[in-house]
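Written below as structure tokens is the structure these notes are about.
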Amino acid sequence: MELTLLRRLKLISFGFNNLMKGEIPSWFGLFPKLETLNLYGNQFIGSIPTSIFNLSSLQIIALFNNQLSELSLKHFVGSIPRAIGNLTMLKELGLGSNNLTGVVPNEIGDLQNLEVLVLQVNHLNGPMPPKFFNISSMRIIGLTGNNLSGQFPSHTNFLFPNLEQLVIGMNNFTGPILNFISSASKLIQFDIPFNSFCGTLTSKLCSLPNIQWLNLAFNNFTIDSTDNFFTSLSNCKYLRVLELEGTPLNAMLPKFGGNLSFSLQYFGLTNCSMKGNIPKQIGSLSSLATLKLDNNDLTGFVPTTIGGLQKLQGLYLIGNKLQGFIPSEICKLDSLVDLFLANNKLSGSIPECLGNLDSLRTLSLNSNGLNSTNPNALFSLVYILKFNLSSNFLVGSLPLDIENMQVVIAIDLSNNELSGNIPSTIGSLQNLVNLSLAQNRFTGQIPTSFGELISIELRDLSKNNLSREIPKSLEALLSLKHFNVSYNQLEGEIPTGGPFVNFSTQSFLSNNGLCGASRLQVLPCKREETDISRNPTQAISVLRIALPVVSSIILILALTFLFMRYKKVKALKLSSENAMMTQTKTLATIGYMAPDVIALHHVRLEAVTIL
């Protein structure tokens, strides 16, 4: 039986096959009883067939995550056709994550049964049509990631009494919005970041009984210091996410407590002009997974009570004025993935116990006043990805155990007082992309094993006391884009192969012993000179070994020559004496035999005469 003969078909679902390509078949519109059309997660292109907008029973259209470049009918222009208003039974419309353009048509306000509208991640522009705000059945609105603009109604007569999720971030909306949701008793998620909404954050916002998600980041909100907005948050017993990043609050951190102690999982106040100390009560937020207080004006110490945040995965305190020691209580945070304490005024030692945090992926302690011996235990962080201790006063050497950091992609230990040789075991870090050891006191040579860092893109070894030659093994590093060994004591020829063809003079400044191409502004290499002649110390060492060996060889050859000459002279003398004796014997024999020979001759002559 042909599919088109199934007149009573109510559901078509090919969701997330990722196999269906081309245009949407027009026969999808030939099922008068069809209620659900689910085609999300495929590779459809083009437009929606005209026939689909005649399906008066259709309740759900799910076409998100395709490649629809336009939705056009024969007589209509625009991305979302005005004929969408014909589908009066429609409850869910999902067209998100496509390439839709144009405006949201006013006819969408005719869908009085619509509960879910998802148009996120497209290229839609213009304001939402006024009739849209008359759809009292609306539960979920998803408009994130477009170029939509305009304002939401500012009157307190709430038009969406059933609204549960309002997700409209990354658009160009303006004006006040807080009154719009002040009576939304069912609201769970209020997510409006990266717009230009304005207004004053008041305790009324915390009167929403079911609110779980408040993301107001990067808008133009202010706070009423007399209203105790933060204190009122304790009434939000279900609040899991509070994100206010980029909001100029200019306020003190609250003394957390109440319901937040058990519900809050994400607390973000980055770049909010917060001031004062971090209250010790912060340790009561037992469910907290992410704490972002970076880039504020916080002072005082990192409270030891932070060790009570047993579920904490991310601690972000960058860019404040915190001082004192790093509390060892942080080592109790077994789930910690990201630790950012950079750009503060912290001092003292780095707790060795941080090396026990196996879950740690990012450690950023740079730009503080830490002045301890380089903590070797940190190099046992087997799963660390980014490791930054730069711009402190750390001393000591790098351990061979650095090879344990097998998945690390970035190591920055620059601008410290580290010394000793650079361990050759760094060469085993096959995933390392960025390595900066600049502005330390490292000595010795650049390890040849550095040529095994197949993923390396940036290497900065400048401003140390490194000597000897730049290993030619580095020519094999085809991914290397930035290389700096300036201000060292390197010598010899600068490699010419591989990535070195792209490096400029800035990579090799103030190494008086280097030579190479004129474009690098170094002396030309003297090809007739051997490595030994350029290194007197090495030459003396070689001569000390070579002279006795050469002298011995010459003596042996001389003795051999004299012995062979002696044997040859003796042999000639003996041969001469033997020759003389032979000659004497021959002459004597001739003289003895002569009379007989003569007589015989005469006999032969006589015989001839007779014949």
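The sequence shown begins at 1 in the UniProt record's numbering and counts up one residue at a time. Every residue, glycine too, gets a C-beta built ideally from N, C-alpha and C. What you are looking at is a predicted structure, and each value in this text was computed from that prediction instead of being measured.
- Along the length of the segment 74-137, whole beta strand (DSSP E) runs at least 3 residues long occupy 92-94, 116-118, 123-127, reported in chain order.
- About 19 Å separates the beta carbons of Ile326 and Asn295, which is beyond the 8 Å limit, so they are not a contact pair.
- Here Gln430 carries a coil assignment [DSSP, helix/strand/coil].
- Between Arg361 and Ile350, the alpha-carbon positions lie close to 17 Å from each other.
- In terms of CA proximity to Phe194, Thr247 leads the group Thr247, Leu480, Val501.
- Using a 10 angstroms sphere on the CB of Lys463, the tally of other CB atoms reaches 16 or more, which defines it as buried.
- Residues of the same chain with a CB within less than 6 Å of the CB of Asn215, apart from the 5 flanking positions on each side, are Asp191, Pro193, Glu243 in chain order.
- When DSSP reads this structure, Ala62 sits in a beta bridge with Asn38, Gly94.
- Counting only runs of 3 or more residues that sit fully inside the segment 263-315, the beta strand (DSSP E) segments are 266-268, 275-277, 290-292, 297-299, in chain order.
- The beta-bridge partner set that DSSP reports for Gln151 consists of Thr174.
- Scanning Asn374, Phe197, Ile554 for the CA closest to the CA of Asn179 turns up Phe197.
- Counting along the chain, Ser364 sits inside the beta strand (DSSP E) bounded by residues 362-364.
- For the options Met138, Lys292, Leu322, Ser391, the alpha carbon positioned closest to that of Leu312 is the one of Lys292.
- Residue environment analysis places Phe152 among the buried positions, since at least 16 neighbouring C-beta atoms fall within 10 angstroms of its C-beta.
- For Asn392, same chain residues with a beta-carbon under 6 Å away, outside a window of 5 residues either side, are Asn368, Leu370, Asn416 in chain order.
- Excluding residues up to 5 positions away in sequence, Ala83, Asn86 lie with their Cβ nearer than 6 Å to the Cβ of Phe53 in the same chain.
- Annotation: the continuous alpha helix (DSSP H) that includes Ser232 extends over 229-232.
- With fewer than 16 neighbouring CB atoms inside 10 Å of its own CB, Asn512 falls in the exposed class.
- Closest by C-alpha distance to Phe256, out of Gly169, Leu315, Ser286, Gly96, is Ser286.
- If you look at Glu493, you'll find it in the beta strand (DSSP E) that goes 489-493.
- With respect to the 8 Å criterion, Leu322 and Gly300 are classified as neighbours on the basis of their beta carbons.
- Separation of Leu249 and Ile223 (C-alpha to C-alpha, rounded to the nearest whole angstrom) is 6 Å.
- In chain order, Leu458 place their CB closer than 6 Å to the CB of His482, counting only its own chain and leaving out the 5 sequence neighbours on each side.
- Per DSSP, Leu339 is one residue of the beta strand (DSSP E) stretching across 338-340.
- Taken through DSSP and simplified to helix, strand or coil, Asn219 comes out as coil.
- Residue burial annotation: Gly169 is buried, with at least 16 other C-beta atoms found within 10 angstroms of its C-beta.
- Here Asn484 carries a strand assignment [DSSP, helix/strand/coil].
- Contact annotation: Leu95 and Leu63 have beta-carbon atoms nearer than 8 Å.
- As the crow flies, the alpha-carbon of Pro447 is around 54 Å from that of Val167.
- Taking C-beta separations shorter than 6 Å and ignoring five residues to either side along the sequence, the partners of Asn421 in its chain run Gly444, following chain order.
- In the structure shown, Ser551 falls within a helical segment according to DSSP collapsed to helix, strand and coil.
- By DSSP's assignment, Thr496 forms no beta bridge with any residue.
- Ranked by Cα distance from Leu437, the first of Ile426, Asn431, Gln430 is Ile426.
- Counting every other CB atom within 10 Å of its CB across the protein chains shown gives Gly324 a total below 16, marking it as exposed.
- Our two residues, Lys186 and Ile140, have alpha carbons roughly 11 Å apart in a direct line.
- By the 16-neighbour rule on beta-carbons within 10 angstroms, Phe31 is buried.
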